[in-house]
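Below is one structure, written out as structure tokens, with a few remarks after it.
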Amino acid sequence: MTYLSENRIRVFIMGVEKDYLMRQLMLLFEVIQKILRYRKKGEAEQAEEEIQRFYSFLKIDEVIEKLSIEELMELLETKKELGNEQIEMVAFVLKEQGELTQEKERKINFFRKAYFLLSKVERESTSFSMDRQMKLSELASYLN
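3 is the number of the first residue of the sequence shown in my numbering; add one for each residue after it.
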């Protein structure tokens, strides 16, 4: 029988966790790409289906639209323990939900939440993202 040191086991587990996280991020990214494609083609119903699929991957059953920004942050950070990469993806999806709706109040609600989440990620991130900057700028111009 082979003896595995505690450190080797820990390194192995960390590798598995990183692998899992990377696969999850890639899957979420694919769903976001589908949402964008459907929205740009004017296929709102399919985009909405992908949005629901995105939330189900993250096991989010709550209706995000009805949550306050504080409740949303509590849900994402504390209850779901999502990292900034995943929170940024949620913000992108919220922006897309805003783009899909015709009702001004709902649009503003989605955009405000997306802006708040992206701002939080931007403040805490150690890396620069041009895409994030562009989305923040776009959201800010709509909200002002």
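Glycine included, C-beta positions come from ideal geometry on N, C-alpha and C.
In this structure, E50 is the residue among R25, E50, M24 and L27 with its C-alpha nearest to the C-alpha of K36. From the listed residues I110, V33, V92 and S129, the smallest Cα separation to A142 is found for I110. Judged by DSSP in its simplified three-state form, T128 adopts coil rather than helix or strand. Counting only the Cα atoms, M91 lies some 15 Å from M132.
Listed in chain order, the alpha helix (DSSP H) runs fully inside the segment 10-88 are 46-59 and 71-75, counting runs of at least 4 residues. Taken atom to atom, the span from the alpha-carbon of R41 to that of T128 is near 31 Å.
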